[in-house]
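Using our numbering, you'd call the opening residue of the sequence shown number 50 and step up by one each time. Note that the Cβ used here is the ideal one computed from N, Cα and C, for glycine as well.
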Amino acid sequence: MATDLETALLDLAQKHGRYKANAYRFTLEAVRFTVQNLGETRHVTGEELLDGIRRLALERFGPMAKTVFEQWGITRTEDFGEIVFQLVDEGLLGKTEQDKLSDFARGYDFTEAFERNFDWLARIVPDPPGRKP
């Protein structure tokens, strides 16, 4: 990331004091990840972004995703909504008139999404027989 973006993320973390700079950085990366996986460049909804966050977090951090997020000050999907809207306020992300903070409410339970449903077998055996894609 560009140095000025890094500085902006550090300033944002210091300004709000609730989330670490890595939380903002990861959220921006998750937006790019989500758009890339949609196969077209367009605005993503809160629901789509939450799914992208979950998928990227599992890919990067595996079952430690919940712990990593907790270290960054994130304990629920609503926190990602707060981060997104702070990024919007700083001009680092855009939004539409339809976007609301409530789009991120009750997205998923972190324990369920990152620990209980973690596919350990896929980490050990990439394509086990009989596994549904």
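Determine the contact status of Thr-126 and Phe-163, defining contact as a CB-CB distance below 9 Å.
Residue 126 sits at position 77 when you count from the first residue of the sequence shown. Residue 163 sits at position 114 when you count from the first residue of the sequence shown. No, they are not a contact pair.
Simplified DSSP assignment, three categories, for Ala-57
Indexing the sequence shown from 1 puts residue 57 at position 8. Ala-57: helix per DSSP, three-state reduction.
Threshold first: 4 residues or longer. Then list the alpha helix (DSSP H) segments lying entirely within the segment 124 to 156, N to C.
126 to 138
Do you know offhand how far Lys-144's Cα is from Gly-95's?
Counting from 1 along the sequence shown, the entry for residue 144 is found at position 95. Counting from 1 along the sequence shown, the entry for residue 95 is found at position 46. Roughly 10 Å separates the two Cα atoms.
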